[in-house]
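Colleague:
Numbering (the numbering used here), first residue to last: 10 to 201.
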């Protein structure tokens, strides 16, 4: 995972690369919401599975009969976008964390960097990609019910949500702490 670790470090050193990654990630999410999810939700009555955080296997199979051929096409288009969104969203978060840790605790940052621990930020992405794979299996097989795939879809969704919230919490607290350290240094309260 050296390539990912190196990418995180590089993006964390470049505001331009960080902004471009954020624009790519969240621009694709905006595209999905405006051009795919809105017509999908109007027709089906529910957002796509990815946007239903409390989704159950029973809800999956209750909603699939509402899909027509155009909804299946929209869902496949969404899944295409949702394979690169999680990667770039995770990269944005990992780079923000790397930036904070480099300024907050430089020695520990070097340890994290040398042990390639920024790769841990790929865990939510891997859960999201797995969720997408199981969604493809479930949606493509319908009307046949492949309950094991639907169950794994739900479990991967829960894993994604838990790891995203954990990563967001850690990075947010790290950015706040780094900002407070910077302010305290500027105010002369602590020495750099």
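Note that beta-carbon positions come from the ideal geometry of N, C-alpha and C, so glycine has one too.
Short of 7 Å in beta carbon distance, which residues of its chain neighbour residue 156, apart from the five on each side in sequence? Order them along the chain.
Modeller: Answer for residue 156: 66, listed in chain order.
Colleague: Would you mind reading off the limits of the alpha helix (DSSP H) that contains residue 119?
Modeller: Its alpha helix (DSSP H) spans residues 115-123.
Colleague: Give a single yes or no on whether residue 147 has its beta carbon closer than 7 Å to a heavy atom of the ligand ZN.
Modeller: The ligand ZN is not among the ligands present in this structure, which contains no ligands whatsoever.
Colleague: Consider the Cβ of residue 29: report whether some Cβ of chain B lies at a distance smaller than 8 Å.
Modeller: This model lacks chain B altogether, as it is built from one protein chain only.
Colleague: Who are the Cβ neighbours of residue 101 in its own chain at under 6 Å, not counting the five residues just before and after it?
Modeller: Only 30, 31 and 34 meet the Cβ criterion.
Colleague: Could you check the C-alpha separation between residue 183 and residue 77 for me, to the nearest Å?
Modeller: Each residue's Cα considered, the two are about 46 Å apart.
Colleague: I'd like to check one pair, residue 75 with residue 53: are the Cβ atoms closer than 8 Å?
Modeller: Yes; because the gap between Cβ atoms is below 8 Å, this pair is in contact.
Colleague: Residue 131: which of 48, 109 and 98 sits nearest, CA to CA?
Modeller: When only C-alpha atoms are compared, the closest one is 98.
Colleague: Assuming the contact rule is C-beta atoms closer than 8 Å, residue 11 and residue 119 should be a hit. Round their C-beta distance to whole Å, please.
Modeller: Wrong, their Cβ atoms sit about 15 Å apart, outside the cutoff.
Colleague: What residue does the alpha helix (DSSP H) around residue 63 start on, and which one ends it?
Modeller: Taken as a continuous stretch (DSSP letters only), residue 63 belongs to no alpha helix (DSSP H), as it is neither H nor E.
Colleague: The alpha helix (DSSP H) that contains residue 174, what's its start and end?
Modeller: Note, residue 174: alpha helix (DSSP H), 156-195.
Colleague: Assuming residue 89 contacts residue 57 under a Cβ cut-off of 8 Å, what Cβ separation, rounded to an integer in Å, is found between them?
Modeller: Contact flag wrong, Cβ pair sits at about 13 Å.
Colleague: Hey, residue 17 and residue 107: beta-carbon distance below 8 Å or not?
Modeller: Yes, they are a contact pair.
Colleague: Leaving out five residues on either side along the sequence, give the residues of the same chain with a beta carbon under 8 Å from the beta carbon of residue 19.
Modeller: Only 26 meet the Cβ criterion.
Colleague: So what does DSSP say about residue 56, is it helix, strand or coil?
Modeller: Residue 56: coil per DSSP, three-state reduction.
Colleague: Determine the DSSP secondary structure at residue 199, reduced to helix, strand or coil.
Modeller: Of the three classes helix, strand and coil, the one that applies to residue 199 here is coil, per DSSP.
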